[in-house]
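Visitor: In my numbering, the protein residues as written are 5 to 590.
For glycine and all other residues, C-beta sits at the position ideal for the given N, C-alpha and C.
Since the structure is predicted, the reported quantities are computational estimates derived from the model, not experimental observations.
Pasting in a structure now, in structure tokens, and then I'll have a few things to ask.
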């Protein structure tokens, strides 16, 4: 073992020994005689404090109280710096020369150069967003819009019939979103080549899974997650899981809400659920829509019902809500002690709330009666950046002290140059001002939404394990989901679909600098890890040799250059099929 030692006298007879030895992590140890008084990971240390007038030394950890040691009892402080052996076979220079042959696109459909954060995803579509907060992360559940084709190879127009999955993403910073995959939900009429091996627990009675809503509840001391979805317009289903991102199991083997549910046979569209768990643990389900002929101003097709304590049954008869000019899209929030039910208005010409806008009603009780307040959100399709108009669907959610509205646009479809009526929508978000004292949504105009999106609320910590499918921007990247029904786990990788494909991560805080990079990777080719931009030849941290087609490997690479502070981080693949499962810096 190679050891390098240097001693420094700090005064008052205190000896600090700096020792470099071969080991797995960087650490600092405080010695008292022959015993270690304390050991710390260097990346968790904010500072060491000595003072000439003090009798103690303080070790300040990041976001934690200081540990304190008597200076008289400290023999030495030993700093360990790791020696990292690269898993690469070829040299940096060899990998660099080979990667230089790859053409790398400078930007993607969602512009990383402009710092755009709308839409939330650029590698997949997702519509009808619903947001749920759990353990300081916000989870967004969406209809899995995707391209479908006619027999002649042209895109189908306006077709929702094969949407059988729910796409789930999550974030703790509102810029970098982790894709949890398109989870298989509806099982009836599912083609045999769509997840045949591991989708065994889906709702085999359901033709479709649209417009999801999610909630969790502590049951028997453990969190249980519930996913409600529309089986086209015929009813509402429910799935359960032990995590917010699946895998999902069908607990009742039938629709929770159907045409046979009392006071629901006359609802045009039994769809678009929203779920709400009150402060006392009681839960409520809102759903419905559609416009009976001649009832455009008062369709009367919205419903609310109390859920059972198990969240998979209902209590009593669903109660009618009468939103003016209702079309679809249920929403529910409790603000300032009031219950705010929101919805999308229909396409009938009217001045209040207007056409295809989001409006709301207010009540003192989650079951109503609700009093109409007015519209508070334009159709975002009216904004120049949004790719054109269409149906309007929303969710309002509070996260880290602010309210946000989630909605979908056709911005990604437009950026991809896709024309026509194919329903390819993308989830977006904008901060929403809310008067919490008076329980009032402030009006948000379409013109006040933009591709820039919301502000990133915190930097990403590269010294924690990060899923490879955590992305702010992408080019030619897709994700691949697999489910282990025995272990009840989901695994997802991000992979390249073309040479030069890349993943961009926003505002990564390297602090005082990293020394090496680790990851689990698969596929063939080379992975370039860099900052600044994906085409750079100047800000390269390392190259990673991928293990080969059909193979997976854990890699550890010393960094060619040390980067400090907050940077944009990029993972660039030299070939199609390269994949990354997770990554971490040290």
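Alpha carbon to alpha carbon, how far is residue 421 from residue 415?
Guide: Each residue's alpha carbon lies about 10 Å from the other.
Visitor: Quick one: measure Cβ to Cβ for residue 573 and residue 518, integer angstroms, because I've assumed they're closer than 8 Å.
Guide: Not quite, the Cβ-Cβ distance comes to about 11 Å (not below 8 Å), so this is no contact.
Visitor: Among 106, 147, 418, whose alpha-carbon lies nearest the alpha-carbon of residue 392?
Guide: Of the candidates 106, 147, 418, the one whose C-alpha sits nearest the C-alpha of residue 392 is 418.
Visitor: Buried or exposed for residue 477, please, with buried defined as at least 16 other CB atoms from any protein chain shown within 10 angstroms of its CB.
Guide: Residue 477 comes out buried.
Visitor: To which residues of the same chain is residue 316 closer than 6 Å at the C-beta, ignoring the five residues directly before and after it?
Guide: Within the same chain, residue 316 has close Cβ partners 242, 255, 256.
Visitor: Exposed or buried, which one is residue 285 when buried takes at least 16 other CB atoms within 10 Å?
Guide: Flag for residue 285 reads exposed.
Visitor: Just to confirm the assignment, what range does the alpha helix (DSSP H) spanning residue 174 have?
Guide: Where residue 174 is concerned, there is no enclosing alpha helix (DSSP H), although the beta strand (DSSP E) it sits in stretches over 169 to 175.
Visitor: Nearest by alpha-carbon distance to residue 324: which of 163, 265, 258 is it?
Guide: That would be 265, whose Cα lies nearest to the Cα of residue 324.
Visitor: What does DSSP give as the partner residues of residue 188 in its beta bridges?
Guide: Answer is 169.
Visitor: Is it buried or exposed for residue 309, if we count other Cβ within 10 angstroms and need 16 for buried?
Guide: Flag for residue 309 reads buried.
Visitor: Since residue 301 contacts residue 329 with CB under 8 Å, what's their CB separation in whole angstroms?
Guide: At roughly 6 Å, the Cβ-Cβ gap stays under 8 Å, so residue 301 and residue 329 are in contact.
Visitor: Starting from residue 381, follow the beta strand (DSSP E) in both directions and report where the run begins and ends.
Guide: From DSSP, the beta strand (DSSP E) with residue 381 extends over 375 to 381.
Visitor: Using 10 angstroms around the beta-carbon of residue 297, count the other beta-carbons present and answer buried if the total reaches 16, otherwise exposed.
Guide: Its Cβ having fewer than 16 others within 10 Å, residue 297 is exposed.
Visitor: Who are the near neighbours of residue 60 in its chain, counting only those whose CB is closer than 8 Å to its CB and skipping five residues on each side?
Guide: Cβ within range, chain order: 72, 73, 74, 75.
Visitor: Mind listing, in chain order, the continuous beta strand (DSSP E) runs of no fewer than 3 residues lying wholly within the region 203 to 233?
Guide: The region 203 to 233 contains these whole beta strand (DSSP E) runs: 214 to 223.
Visitor: What span of residues does the alpha helix (DSSP H) with residue 632 cover, start to end?
Guide: Missing from the structure shown is residue 632; the chain here goes from 5 to 590 and no further.
Visitor: From which residue to which residue does the beta strand (DSSP E) around residue 415 run?
Guide: No beta strand (DSSP E) contains residue 415, which is instead part of the alpha helix (DSSP H) from 415 to 419.
Visitor: Between residue 482 and the rest of its own chain, which residues show a CB-CB distance below 7 Å, the 5 nearest in sequence each way excluded?
Guide: 127, 499, 501.
Visitor: With DSSP collapsed to three states, give me the class of residue 528.
Guide: If DSSP states are grouped into helix, strand and coil, residue 528 belongs with coil.
Visitor: Based on DSSP bridge pairs, tell me the residues matched to residue 444.
Guide: According to DSSP, which records beta bridges pairwise, residue 444 is partnered with 439.
Visitor: With H, G and I counted as helix, E and B as strand and the rest as coil, what does DSSP make of residue 477?
Guide: In the structure shown, residue 477 sits in a strand (DSSP, three-state: E or B).
Visitor: Counting only the same chain and skipping the five closest in sequence on each side, list residues whose C-beta sits under 6 Å from that of residue 248.
Guide: Excluding residues within five positions, the ones whose Cβ falls inside 6 Å are 138, 143, 229.
Visitor: Using only CA atoms, which one of 532, 385, 222 lies nearest to residue 281?
Guide: When each option's Cα is compared against that of residue 281, the closest is 222.
Visitor: Can you list the beta strand (DSSP E) stretches of 3 or more residues lying completely in the region 106 to 147, in chain order?
Guide: Within the region 106 to 147, the complete beta strand (DSSP E) runs of at least 3 residues are 131 to 138, 141 to 147.
Visitor: Per DSSP, what kind of secondary structure is residue 77 in: helix, strand or coil?
Guide: Helix at residue 77.
Visitor: Our contact map puts residue 149 next to residue 130 with C-beta atoms below 8 Å; I'd like the distance itself, whole angstroms only.
Guide: The Cβ separation is near 6 Å, so the contact holds.
Visitor: Strictly by DSSP, which residues pair up with residue 483?
Guide: Note: residue 483 sits in a beta bridge opposite 498.
Visitor: Let me know if residue 424 comes out buried or exposed under the rule of 16 or more other beta-carbons within 10 Å of its beta-carbon.
Guide: That one is exposed.
Visitor: Does residue 252 have its Cβ less than 8 Å from a Cβ in chain B?
Guide: Absent from the structure is chain B; it holds one protein chain and no more.
Visitor: Per DSSP, what kind of secondary structure is residue 322 in: helix, strand or coil?
Guide: Residue 322: strand per DSSP, three-state reduction.
Visitor: Per DSSP, residue 562 is paired with what?
Guide: Paired residues: 520.
Visitor: Expressed to the nearest angstrom, what Euclidean distance is found between the alpha-carbon atoms of residue 134 and residue 533?
Guide: Taking the straight line joining both Cα atoms gives about 34 Å.
Visitor: Within the same chain, show all residues whose beta-carbon is closer than 7 Å to that of residue 178, passing over the 5 residues directly before and after it, in chain order.
Guide: Only 458, 460, 461 meet the Cβ criterion.
Visitor: Taking Cβ positions, are residue 538 and residue 108 nearer each other than 8 Å?
Guide: Contact: yes.
Visitor: Which stretch, first to last residue, makes up the beta strand (DSSP E) that contains residue 308?
Guide: Looking at the DSSP string, the run of the beta strand (DSSP E) that includes residue 308 is 306 to 311.
Visitor: Let's see if you can read the secondary structure: which residues bound the beta strand (DSSP E) around residue 587?
Guide: Run containing residue 587: 583 to 589, per the beta strand (DSSP E) assignment.
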